[in-house]
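Residue numbers (our numbering), protein chains in the order written: chain A, 77 to 555; chain B, 93 to 564.
Glycine included, every Cβ here is placed at the ideal spot set by N, Cα and C.
Being a predicted model, the structure only gives us computed values, none of them experimental.
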Amino acid sequence: MKDNWESVIGLEIHVQLNSESKIFSNAPTKFGSDQNLQACEVDLGMPGTLPVLNEKAIEKAIKFGVAINAEIAKKVGFARKNYFYPDLPKGYQISQLDDPIVGKGSIEIQLGDQEIKTIGITRAHLEEDAGKSIHDLFENETAIDLNRAGTPLLEIVSEPDMSSSEEAVAYLKKIHSIVCALEISDGNMSQGSMRCDANVSVRKKGDKKLGTRTELKNINSFKFVEKAINFEIKRQISCLEKGEEVVQETRLYDSANNTTRSMRSKEEANDYRYFPEPDIIPIQITSDQILNIKKELPELPDEKKERYINELGLSEYDSRNLTYDLQLADFFEKALINFDDPKLLANWILGDFSAILNKFDVEANNSKVDSVKFAELLSYLKEEKISGQAAKKVLENIWENPDVSVSKSIQDLGLEQISNDTEIEQIIEKVINDNPTQKEQFLSGKDRLFGFFVGQVMKESKGKANPKLVNEILKKKLV
Amino acid sequence: MDLETLTLQEQISGLRDKKFSSVELVENYISVIGNNEDLNVFVSNDFERAIAKAKKSDSSNNIQQDMPLNGIPMVHKDIFCTEGVKTSCGSKMLDNFYPPYSATVVERLEQAGSICLGKANMDEFAMGSSNETSFYGAVKNPLNKQKSPGGSSGGSAAAVAANFSSFSTGTDTGGSIRQPASFCGLVGIKPTYGRVSRYGMIAFASSLDQGGILAKNIKDTAIALQYISGYDPKDATSIKTKVPNFSEDCESDKFEHVVGLATNLINSFGDENLSKNYSKAIKRLAKLKIKTKEIELPNLELSLPVYYVIAPAECSANLSRYDGIRFGYRAENVDNLEDLYFKSRGEGFGNETKKRILIGTYCLSSGFYDAYYKKAQKIRNLISSDFVNAFKDVTSIMLPTTSGEAFDLGSITDPIEMYKQDIFTIPANLGGLPAISIPFGEKDNMPLGIQFIGNILEESSLLNISNKFQLD
């Protein structure tokens, strides 16, 4: 971003809650069934049908509120948000307006070595999801799938406290890790379990007044959040620098072309005509209910991070990165049962293991190498039976061949480390004999050439020689 | 024996004593209905299934002791969803709608063994006081075919008055059971909001709608009401409480009554006939030695404007689902989605319905919400407190049901005049209170009604005072 501008960003995150049935009906919420098979007459908005609130959704929302230290409403009422759309069966969405179940709260984020930043959460409210319009199934026709209609959503609205796309991503990841830790959502962004809208504006540095904001819709991955916001910041700055005005509007992020385009202006914005939902009597939430939920709260990402730092001696940086992705943290803790060097383990999980997950686009809990096997692999490394280079090769090999054991893979690839003194001595002697010039130069004071000999020995041993032994023996022989 | 003139109670004992069979009852009704098709009572009939059910009931070896309604024919207002049977709600919009589920009221009466003969005509989406807004045309009042049977449960009232059944179901949002009962010389009860499940009852104004019963007399009303009352987990606004034995209670001696009177209010209308009938009713109470007390209902006069904000507001959202997409009427030859919405709704809804959707949409619009909807809710609370205060001193409140007798079809063209029909019935809906209309007095050979409004969940007390009142 150009120096004299700053951006102001707020996010609205829709989290699908993982209750078994829908928020206002008994139909199941499972993802991926055939179209319209998981929608009952209530979800279809058929005449005379009525919504009945699923208490599980309330419980899950309270969990979130407690986790971000927010006020929980004593009275929870719903409201009708009116608008016409083919995948909105009743012509209104049951949502919350005046009495959101979760009030003001906050979470902390941190980028790199920067200071911890607190991001305010304005509110989080419950509502029902709409169905899906499918435009590419029939020619010139739109198909409606109402399986998703009525899935419980928690809409988490942040304060405009973020000032870069990196902060927005860190915030989104933090919310993701919290809802996953609480087990109130599967957090699967590619299946739409978590969706995000961003409110973005820019202003001259030092300005107190907020600039005109645009709302970006349809951002459904961490990567796209960053890209969409960056694009929009640039677009707004270039608008203003050309002397034009930013128009208050809703814009759609087009991930294929990495651009945003206007969807509707403020004037075209819907008047949602909210009013209290008469079919659902407001429910009371007692302090006992909140207390019970508080008591049973699982370990939250921040608590986990502190534990990693204090009890396992991990760095703040590693701890933070491990706890962003709870599946990774879970894998880490499982592997730790069979491998007692947390630092080495964390290095490998955040390094090569994460790389291979990314390469194959797999989450840690679906890893082709389980935590037991992974711990075994690192044990070979730690005991210096294989080198770091070799361990990487084995990891790839056992990933691609899940039936092959670690020891078999090391054997197959011929990667056992040579830790036999005599064998190494023989190689070293050969290398010294083959390089008499370098030997003389070394002995006449060119210390740098020690590295040359190490390299040659490793090359000669095809990388299998134990580097520590090579060093020790070389020192003795090069005299 | 004229089977069709029997009361529900007489039919139950007749079936029990095998004086006649359910098939005879059903077939007799079908023939009476066939001779009076000009009344336009039914939107659809279910005669074939009714006869089959009657046969089954007759062969079920007289279980009248356990299931008193077994084999008893009845009629549902076409607002209640009936699985596999057309449920139109009086609208072109739902002329092709065959619900795959039944309303809880329908299910309960079916489980009790009663047999539905057909679905009664009504004002479109229950919006009207004359039955003239129905897509299927107005129902004629069986007592005088020039007259309206009232609305919106006009078909249900006419069905009982014309001896098409001994009782029927209706719904009451602002008087839609009580006013037709009054116009047709029947008893009609609107129970406490939440006493009867609204599941499967097509919504007009959700916070006001309540299902109830129309019948020839109080005892029959009590018997039928029993079967449709009670908590329903499918309706979050239904009340979780035990249902008293209404038919026992209506004849019991255990109730003490102090009837609240609003003489000043009634006289303030300056309608001689209205005041005359009301004072006649007061005299009746005195004669029966029932205690009375004059009460104040200072905000009652605001009921009408409050109702015509809240009911349209709720209906504007409730009727959004009729968009031509999933069920109901869909316009043909449309250009795009917006065109589909405009044409389907434009062609599928009648004028009164459209008018109320427009009023409601306006009242909820940004900038008008506070001035209309919110203010109306505040006044609604004031009216409710008026009732709460009144019920500190009285056990029921007596009001006229309507300001006059049944009017001629087509005679009221001013919509405000039509809306005024409900001035005495609306307050009970706003307060969620039970209210009953019973025949009392007449004018120009047409019946008039008197109304008792009770405290929350006090249907028993209402039925009891009504029963005493009638024993002259």
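- The C-alpha of D478 of chain B is placed about 8 Å away from the C-alpha of L392 of chain B.
- In the same chain as K184 of chain B, and ignoring 5 residues on each side of it, the C-beta atoms closer than 8 Å to its own belong to F227, Y421, E439, G440, F441, G442, in chain order.
- Looking at A:E243, A:Q532, A:A143, A:S253, the one whose alpha-carbon comes closest to that of Q190 of chain A is A:E243.
- Using a Cβ distance threshold of 8 Å, L201 of chain B and M166 of chain B count as a contacting pair.
- When rounded, the separation of the alpha-carbon atoms in D536 of chain B and P241 of chain B is 15 Å.
- Fully enclosed beta strand (DSSP E) runs of no fewer than 3 residues occupy 488-492 of the stretch 438-493 of chain B, in order along the chain.
- Shortest Cα-Cα distance from L474 of chain B to any of B:L394, B:E550, B:N365 involves B:L394.
- The criterion of a C-beta distance shorter than 8 Å is satisfied by T326 of chain A and E291 of chain A.
- With contacts defined as CB atoms closer than 8 Å, S258 of chain B and L98 of chain B qualify as a contacting pair.
- Interface with chain B (8 Å Cβ-Cβ cutoff): F214 of chain A is excluded.
- Fewer than three Cβ pairs drawn from the stretch 91-108 of chain A and the stretch 261-270 of chain B lie within less than 8 Å of each other, which leaves the two stretches out of contact.
- Ranked by Cα distance from F434 of chain B, the first of B:Y414, B:E444, B:I451, B:F419 is B:Y414.
- According to DSSP, S529 of chain B shares a beta bridge with B:G280, B:Q543.
- The DSSP-derived three-state label of T399 of chain A is helix.
- Interface annotation, Y247 of chain A: not in contact with chain B, CB-CB separation never under 8 Å.
- In the assembly as shown, L453 of chain A is a buried residue. Its beta-carbon has 16 or more other beta-carbons within 10 Å.
- Chain order gives no chain A residues near L278 of chain B, where near means a beta carbon separation below 9 Å; the closest approach is about 25 Å.
- In this structure, G416 of chain B keeps its C-beta atom at 8 Å or more from the C-beta atom of A405 of chain B.
- Between the stretch 488-507 of chain A and the stretch 542-550 of chain A there are three or more inter-stretch CB-CB distances shorter than 8 Å, so the stretches are counted as touching.
- Within its own chain, the residues whose Cβ lies closer than 8 Å to the Cβ of D500 of chain B, once the five positions on either side in sequence are excluded, are Q238, K239, S240, listed in chain order.
- Straight across, the Cα-Cα distance linking K346 of chain B with L491 of chain B is about 24 Å.
- Between the alpha carbons of K444 of chain A and A431 of chain A lies a distance of about 13 Å.
- When beta bridges are read from the DSSP output, D221 of chain A appears opposite A:K208.
- Its chain contains P283, T284, G546, E551, L554 as the residues whose beta carbon lies nearer than 6 Å to that of P526 of chain B, once the 5 sequence neighbours on both sides are disregarded; these appear in chain order.
- Three or more beta-carbon pairs separated by less than 8 Å are not found between the stretch 510-527 of chain A and the stretch 468-480 of chain A, which leaves the two stretches without contact.
- With respect to the 8 Å criterion, L376 of chain A and A257 of chain A are classified as neighbours on the basis of their beta carbons.
- At the C-beta level, D324 of chain B and Y370 of chain B stay beyond 8 Å of one another.
- In the DSSP assignment, T99 of chain B falls outside any alpha helix (DSSP H) and carries neither an H nor an E.
- Distance from the CA atom of S269 of chain A to the CA atom of D262 of chain A, rounded to whole angstroms, is 7 Å.
- A direct Cα-Cα distance of roughly 30 Å separates E536 of chain A from K449 of chain A.
- Of the candidates B:N337, B:F275, B:D170, B:N410, the residue whose Cα lies closest to the Cα of F296 of chain B is B:N410.
- Rounded to whole angstroms, M159 of chain B and V426 of chain B show a C-alpha spacing of 52 Å.
- Between L87 of chain A and A274 of chain A, the CB-CB gap stays under 8 Å.
- Only those residues of the stretch 389-411 of chain B whose C-beta falls short of 7 Å from the nearest C-beta of chain A are listed: A405, E406, A409.
- According to the DSSP assignment, Q169 of chain A belongs to no alpha helix (DSSP H) but to the beta strand (DSSP E) extending over 168-171.
- Judged by their CB atoms, Q169 of chain A and E204 of chain A are nearer to each other than the 8 Å cut-off.
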